[in-house]
Amino acid sequence: MNYGIQTNAHGKPGNNMFGNVFNNKKVLVTGNTGFKGTWLTQWLRQLGAEVVGISISVPTNPSMFETLNLRNDIEHYDLDINELERLKEIFVAHKPDFVFHLAAQPIVRQSYIDPVETFRTNTLGTAHVMEALRALENECIATMITSDKCYENVEWNWGYRETDRLGGKDPYSASKGAAELVIHSYIHSFFNTTNTNIKIASVRAGNVIGGGDWAASRIVPDTVKSWANEEPVEIRSPRATRPWQHVLEPLSGYLRCAQVLATDGSNNGEAYNFGPDANQNKSVLELLTKLSDHWPFKSDSEKVVVQEQSNFHEAGLLKLSCDKALADLSWQPTLEFDQTIEFTASWYYKYYNEQDSDIIEYTNQQIAEYCEQARLKNASWMA
Ligand SMILES: NC(=O)c1ccc[n+]([C@@H]2O[C@H](COP(=O)([O-])OP(=O)(O)OC[C@H]3O[C@@H](n4cnc5c(N)ncnc54)[C@H](O)[C@@H]3O)[C@@H](O)[C@H]2O)c1
């Protein structure tokens, strides 16, 4: 991929994005060892932030966190967010300017295996992060990451708005709906005055894809693991349709939301959806077919095997309306579906097939390329 963009001496994109609000700021990221947390950490470092991470463990092997060697570049704590007193101590000691809360048990299938642990981390853990914020005396902007699954999915064809009813049939979805209630209860009970030192928003996005995800029971990681072993991937629901988006898309929304909280604060206490354009709703089979165009198969053997449906409930298509993010934050998605696929496939291709390539540099280049694409679309945060 030829990036052809302006970079600084370290090969990173210029630092004028997001109004420069993260430059030289301390940013605490929970769930920093996970898929989204790792990409966010790398982007924040490019933006000049000093990142402090809190995670219970590294969730996968391989992992993008280990691949990028981030343990050496940030202050990292191995901690369960349910250890409230220690969590508060770390918050108070670091006095973060920004917090991004991503730590969660994020897999629907796992939530059926251990629902209590899912509620403990996703709902009670979120209350603990709110308590840790309450312990701060410094000014802090907090962005709380939940999910599109926080909405009661009534299987309709139009996008859910931030005012739609929260819910969720499976334990994961319910734990995220409940996390939203916790967040907004704390906002109204403790952070609702005009002179609060803590400004908060909750942010809701759906299925993300991109290089560096190796979580179990997710379609793209399952696929690249199989294809890397020269085996076909087994899928359950070829026609299931999801609003796929690249991981950098919601992250740009989270960062933009935090920027607006930090600069005019008019969005304090609000919730925002971040999703792709409706034309990115594609079936699993369409997704894998496109992905396979970028994978160097040595033979014409089968790429995909369709298995019998499993019997656990998985919701149908759930779309988000992102009109509020556009109105309040001037945020819009950047990548087309084909670009999303190309970004994703090329990262994994480098990882699996070019052993001596510099994957850290390549990750930085993908962030730079994403920013360039956003600039071409006049993204508000690139101004
Ligand atoms: N990946 C997606 O498609 C997607 C979609 C919607 C929402 N989300 C949400 O985005 C966030 C990040 O998701 P992800 O895909 O990066 O997940 P991930 O599994 O890759 O990472 C989860 C992170 O949370 C940490 N964690 C888990 N339990 C913890 C605990 N008790 N204490 C401290 N840390 C803990 C893990 O160590 C890891 O760092 C989650 O809140 C998830 O629900 C993800």
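Position one of the sequence shown corresponds to residue 1 (the numbering used here), numbered consecutively onward.
Just so it is clear, CB atoms sit at the ideal spot from N, CA and C, and this is done for glycine as well.
Check: Member of Leu-291, Lys-319, Met-144, Leu-181 whose CA lies at the smallest distance from the CA of Asp-338; Outcome: Leu-291
Check: Cut-off 6 Å between Cβ atoms - residues of its own chain near Asn-281, not counting five sequence neighbours on either side; Outcome: Thr-241, Pro-243
Check: Whole-number beta carbon distance between Val-92 and Ala-135, since they are thought to touch under 8 Å; Outcome: 5 Å
Check: Cα-Cα separation, Lys-377 to Thr-334; Outcome: 7 Å
Check: Three or more C-beta pairs below 8 Å linking the segment 15–23 and the segment 74–94; Outcome: no
Check: Coarse secondary structure for Lys-199, derived from DSSP in three states; Outcome: strand
Check: Between the CA atoms of Ser-175 and Cys-140 - distance to the nearest angstrom; Outcome: 25 Å
Check: Same chain only: Cβ atoms within 8 Å of Leu-320, ignoring 5 sequence neighbours per side; Outcome: Asp-148, Gly-159, Tyr-160, Arg-204, Ala-205, Gly-206, Pro-243, Asn-273, Phe-274, Gly-275
Check: Touch test, the segment 262–270 against the segment 356–375, Cβ-Cβ under 8 Å, three pairs minimum; Outcome: no
Check: Leu-102 and Val-21 closer than 8 Å at C-beta; Outcome: no
Check: Cut-off 7 Å between Cβ atoms - residues of its own chain near Thr-289, not counting five sequence neighbours on either side; Outcome: none
Check: Gly-125 CB to nearest heavy atom of ligand 1 below 7 Å; Outcome: yes
Check: Close beta carbons around Ile-5, own chain, < 8 Å, minus the five adjacent residues each side; Outcome: With a pLDDT of only 40 at Ile-5, under 50, the local geometry of the prediction cannot be trusted, and no value is derived from it.
Check: Where Cys-322 sits in the DSSP three-state scheme; Outcome: coil
Check: Reduced DSSP category for Val-58 - H, G, I as helix; E, B as strand; rest coil; Outcome: coil
Check: Buried versus exposed, by CB contacts within 10 Å (16 or more), Asp-97; Outcome: buried
Check: Range of the contiguous beta strand (DSSP E) that encloses Arg-109; Outcome: From DSSP, Arg-109 is part of no beta strand (DSSP E) but of the alpha helix (DSSP H) over 108–113.
Check: Cα-Cα separation, Pro-115 to Ser-299; Outcome: 42 Å
Check: Where Val-129 falls: helix, strand or coil (DSSP); Outcome: helix
Check: Sufficient close CB pairs (3 or more, under 8 Å) joining the segment 180–187 to the segment 244–254; Outcome: no
Check: Paired residues, beta bridge with Asn-72 - DSSP; Outcome: Answer by DSSP bridge pairing: none, since Asn-72 is not bridged.
Check: Contiguous alpha helix (DSSP H) assignments of at least 4 residues, all confined to the segment 11–45; Outcome: none
Check: Ligand 1 heavy atom lying under 7 Å from the CB of Ile-200; Outcome: no
Check: Through-space distance from Leu-318 to Val-154, alpha-carbon basis; Outcome: 9 Å
Check: Gly-125 versus Glu-302: straight-line alpha-carbon distance, rounded; Outcome: 43 Å
Check: Neighbourhood of Pro-59 by C-beta, 6 Å cutoff - its chain only, sequence neighbours within 5 removed; Outcome: Gly-34
Check: Contact under 8 Å by Cβ, Thr-344 with Ile-209; Outcome: yes
Check: Spatially closest choice to Leu-166 from Glu-75, Ala-258, Trp-156, Gly-177, by CA coordinates; Outcome: Gly-177
Check: Secondary structure of Gly-159, DSSP reduced to three states; Outcome: coil
Check: Through-space distance from Val-99 to Phe-119, alpha-carbon basis; Outcome: 21 Å
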